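Notes for the one structure printed next.
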Amino acid sequence: DSGVTQTPKHLITATGQRVTLRCSPRSGDLSVYWYQQSLDQGLQFLIQYYNGEERAKGNILERFSAQQFPDLHSELNLSSLELGDSALYFCASSLQAVSEAFFGQGTRLTVV
Amino acid sequence: AQSVAQPEDQVNVAEGNPLTVKCTYSVSGNPYLFWYVQYPNRGLQFLLKYITGDNLVKGSYGFEAEFNKSQTSFHLKKPSALVSDSALYFCAVRDMDSNYQLIWGAGTKLIIKP
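Protein chains in written order, with this note's numbering: chain V, 1 to 112; chain Z, 1001 to 1114.
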């Protein structure tokens, strides 16, 4: 158990809908990262937060947004969903900027 | 630009044989290097890291990695492979020029045959 909790584990939704994925980082970790992993693909970095502030942005679509709350949990909002958004979405957290990141088990999103 | 390359999409090894999964990197300054393993339908698990010090780093599940500055490599190794080592392996490096963002390799699928 990495200590990073993601909910829900599975999500099936229709095209055009909006969903929210939730992440609770390891206790004490200030950085939260979101990644997308499509079938048999590598990791696509979406966005990073550090102590509530956006720190870095990757290939995140305009239909996607995220935030980190004062209690350090984070949410990833995906809207106007398309079939191609079906993927595993991972959250990770780290203590410091140079530390290793620990990953949650992921949310498997299926858009039908 | 900072980058990480895993030149092999797949590595096949017989059980009991030594295994090597290759990783090369390109960064400015000193590298902070990591290896992760991903089992099917699971999150990535941290295996080991190199920050500074001894070039041979030992990690979880009997894995180790050798940092080679002149060759800009950080290959993952294990003396004797197990079937249960079959998984997807990712190499990553911290990008010091971009808010310490993790730069990821494409991943290498390791298949250990009995």
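Think of the CB as a built atom: it goes at the ideal place given N, C-alpha and C, for glycine as much as any other residue. Because the structure is a prediction, the values reported are computed rather than measured.
Asked                                                                                                               : Found
Selected residue, minimal CA-CA separation from leucine 109 of chain V, among V/Ala97, V/Val32, V/Gly58 and V/Asp85 : V/Asp85
Host beta strand (DSSP E) of phenylalanine 1034 of chain Z (start-end)                                              : 1033–1038
CB contact below 8 Å: lysine 1107 of chain Z versus chain V                                                         : Position check: residue 1107 of chain Z holds glycine in this sequence, whereas lysine was assumed. Yes, glycine 1107 of chain Z lies at the interface with chain V (some Cβ there is under 8 Å from its Cβ).
Proximal residues, the segment 45–63 of chain V versus chain Z, C-beta separation under 9 Å                         : Phe45, Gln48, Tyr50, Arg55, Ala56 and Gly58
Contained beta strand (DSSP E) runs [length at least 3] in the segment 20–57 of chain V, N- to C-terminal order     : 31–37, 44–50 and 53–57
Bridge partners - phenylalanine 102 of chain V, DSSP secondary structure assignment                                 : V/Ser93
Under the three-state DSSP convention, the category serine 1060 of chain Z falls into                               : helix
Proximal chain V residues relative to lysine 1049 of chain Z, where beta-carbon distance stays under 9 Å            : Ser99 and Glu100
Cβ-Cβ distance between phenylalanine 1063 of chain Z and lysine 1049 of chain Z below 8 Å                           : no
Short CB-CB distance (under 8 Å) between phenylalanine 1034 of chain Z and chain V                                  : yes
Neighbouring residues, chain Z, relative to glutamine 105 of chain V (Cβ below 9 Å)                                 : Asn1041, Arg1042 and Gly1043
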